[in-house]
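Chains as they are written, first to last, in the working numbering: chain A, 1 to 243; chain B, 1001 to 1243.
Report on one structure; see the data block that follows.
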DNA sequence: GTGGTTCAATGGTCCAACCAATTTCTGCAC
DNA sequence: GTGCAGAAATTGGTTGGACCATTGAACCAC
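Here it is as structure tokens:
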């Protein structure tokens, strides 16, 4: 028998402030870029200290929801709603090889699932949109001798979106930021990412053919090539890193 | 050529405090559960206001790195290092049926991958630990007529940990919070979760047998049963929800 | 030992003031 | 009127000090 006794909480000022603020945002239909009331006004209206307001806003700022500009005001960076769910992820030592491999393992899991779902659920228009991104990417790949990371990313995003589940895009987008630093400094591997190129079209083909398992398989192959590149880069690096 | 010119920052008190604190943690070799210096002491030592210290700690608290206990002190919840990378995710609207199904799709992708990796990488001790959790859960299931959500969760956590990639646990733990609300109010489905019960042992068997594909397959079956339960619950709910 | 009581330590909140960056207003030159 | 420099107001950032609420340990009576 689990007589559930949730711990009572006599104090939750910060959360109360944030809840009120989320309500305000919805009430006023504020979107990204919208300006929040001043800290002083919030403090007065909510009958709390300005200090408490600041702690609450610091929370939102840390979550990337708002941006504070001294002398100007506090602005929304994203859409906020009262029923948001936060999952702050912390990657220890995210700069090294191990951290990258770990994010790749997550990406492998999500990418495969997203591709499969996409093959099931994508509408005709979405499939056409994905193919457009693919064409753009292939064109960029040809004309710029392999430098197509931006277009590459847009292709994948289109697939995530067509999966019908926005969580895929959100999670992978967060990790993409981390990865992006490496595309700039490809670890000494000159043709980083080249090997993955052909699989973009094979993934698309399986999606267009409504073949979930095929799409999943091709996605796995793509990630595998990236992992190989990464390992090669790590091997190169190890020759230099003698400290 | 990227001549790197980091923007000068006349004000970055909070970050400076956190950097100093991260250094302190490493210096003192503080692990999870470790106790940080008092806010007053930090303020004095770092020559900043206690308020500034609090804002910095609020950031870490929001990131889930520390826990503040009034009257007691501030404690580390996870390992922190100076080179951590944060990616806070906020998911909009996760409270309804659709949101739950979406988190389940993420969980399906990650659970399968984690089980497979676990079958490859888990050590003997870790496998023994998983089996212990499994035994506890099965015992709880028998004696409490199916109410074993807490033990169930611990089993899965053990699997995630043994996958060798802490990101799995972090991501799914965040989503678990959301799910937890439903275990309390099982949507009118009296035996919510019962169907998934036998698959816990089959997953473990495949892991112990070092069979990644088998483990993945069993994990997928488990998630499928949860999805079915959820759909049944939604169907029940739809009969009532006539507004 | 058990169960209260006291008391110091610690996080939580509040206030009032000032600093620093930004924006807005003002007034002068043209 | 226009344009622009400087003043003034606005706003987030920081400080110091005070007090409240909770915790935990020491202490005491029984």
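For every residue, glycine included, the Cβ atom is placed at its ideal position computed from N, Cα and C.
Keep in mind it's a predicted model, so treat the numbers as computed, not measured.
What residue range does the alpha helix (DSSP H) around residue i cover?
{"i": "residue 78/A", "result": "Residue 78/A -> no alpha helix (DSSP H), and no H or E assigned at all."}
{"i": "residue 30/A", "result": "It is not in any alpha helix (DSSP H) - residue 30/A carries neither H nor E in the DSSP assignment."}
{"i": "residue 1048/B", "result": "Where residue 1048/B is concerned, there is no enclosing alpha helix (DSSP H), given that its DSSP letter is neither H nor E."}
{"i": "residue 1038/B", "result": "From DSSP, residue 1038/B is part of no alpha helix (DSSP H); its letter is neither H nor E."}
{"i": "residue 161/A", "result": "149-162"}
{"i": "residue 1110/B", "result": "1097-1121"}
{"i": "residue 12/A", "result": "Note, residue 12/A: premise wrong, no alpha helix (DSSP H); not H, not E."}
{"i": "residue 208/A", "result": "197-208"}
Taking just the CA atoms, how far does residue j sit from residue i?
{"i": "residue 1126/B", "j": "residue 1164/B", "result": "10 Å"}
{"i": "residue 90/A", "j": "residue 219/A", "result": "26 Å"}
{"i": "residue 1161/B", "j": "residue 1031/B", "result": "17 Å"}
{"i": "residue 1242/B", "j": "residue 107/A", "result": "Only weak support is given to the placement of residue 1242/B: the predicted model assigns it a pLDDT of 47, under 50, and the value that follows is read from those uncertain coordinates. Their Cα atoms are separated by approximately 40 Å."}
{"i": "residue 1026/B", "j": "residue 124/A", "result": "54 Å"}
{"i": "residue 97/A", "j": "residue 40/A", "result": "46 Å"}
{"i": "residue 1022/B", "j": "residue 1082/B", "result": "5 Å"}
{"i": "residue 232/A", "j": "residue 137/A", "result": "24 Å"}
{"i": "residue 1028/B", "j": "residue 120/A", "result": "53 Å"}
{"i": "residue 234/A", "j": "residue 151/A", "result": "25 Å"}
{"i": "residue 69/A", "j": "residue 20/A", "result": "22 Å"}
{"i": "residue 1100/B", "j": "residue 71/A", "result": "41 Å"}
{"i": "residue 1084/B", "j": "residue 1067/B", "result": "18 Å"}
{"i": "residue 159/A", "j": "residue 200/A", "result": "11 Å"}
{"i": "residue 202/A", "j": "residue 214/A", "result": "9 Å"}
{"i": "residue 135/A", "j": "residue 155/A", "result": "9 Å"}
{"i": "residue 102/A", "j": "residue 139/A", "result": "31 Å"}
{"i": "residue 1024/B", "j": "residue 1061/B", "result": "17 Å"}
{"i": "residue 37/A", "j": "residue 1092/B", "result": "22 Å"}
{"i": "residue 157/A", "j": "residue 1157/B", "result": "30 Å"}
{"i": "residue 1012/B", "j": "residue 12/A", "result": "27 Å"}
For residue i, which residues from the same chain have a beta carbon less than 7 Å from its beta carbon, with the 5 sequence-adjacent residues on both sides left out?
{"i": "residue 1017/B", "result": "1046, 1048, 1052, 1053 and 1056"}
{"i": "residue 153/A", "result": "176"}
{"i": "residue 1122/B", "result": "1162 and 1207"}
{"i": "residue 33/A", "result": "75 and 76"}
{"i": "residue 216/A", "result": "112, 115 and 116"}
{"i": "residue 143/A", "result": "none"}
{"i": "residue 212/A", "result": "116, 119 and 120"}
{"i": "residue 1050/B", "result": "1039, 1040 and 1043"}
{"i": "residue 1086/B", "result": "1063"}
{"i": "residue 204/A", "result": "130, 131 and 134"}
Which of the three DSSP states, helix, strand or coil, is assigned to residue i?
{"i": "residue 84/A", "result": "coil"}
{"i": "residue 73/A", "result": "strand"}
{"i": "residue 1089/B", "result": "strand"}
{"i": "residue 1132/B", "result": "helix"}
{"i": "residue 253/A", "result": "With chain A covering 1 to 243 only, the question about residue 253/A has no answer from this structure."}
{"i": "residue 1232/B", "result": "helix"}
{"i": "residue 68/A", "result": "strand"}
{"i": "residue 211/A", "result": "coil"}
{"i": "residue 142/A", "result": "helix"}
{"i": "residue 225/A", "result": "helix"}
Only counting the same chain, and skipping five residues up and downstream in sequence, which positions put a Cβ closer than 6 Å to that of residue i?
{"i": "residue 1073/B", "result": "1035"}
{"i": "residue 1042/B", "result": "1053"}
Might you give, ordered along the chain, the residues of its own chain that have their beta carbon closer than 8 Å to the beta carbon of residue i, omitting 5 neighbours on each side?
{"i": "residue 1064/B", "result": "1077 and 1078"}
{"i": "residue 59/A", "result": "14 and 18"}
{"i": "residue 1104/B", "result": "1223, 1226, 1227 and 1230"}
{"i": "residue 174/A", "result": "89"}
State yes or no: is the C-beta of residue i nearer than 7 Å to some heavy atom of the ligand GDP?
{"i": "residue 177/A", "result": "Looking for the ligand GDP in the displayed structure turns up nothing, as the structure carries no ligands at all."}
Inset, instruction - Kindly confirm or deny that the segment 1110-1120 of chain B and the segment 1219-1238 of chain B touch, where touching means at least three C-beta pairs closer than 8 Å. - result: yes
Legend entry - Cβ contact check for the segment 1070-1077 of chain B and the segment 1159-1173 of chain B: 3 or more pairs under 8 Å: no
Inset, instruction - Pair every Cβ in the segment 199-217 of chain A with every Cβ in the segment 128-137 of chain A, then say whether three or more of these pairs are closer than 8 Å. - result: yes
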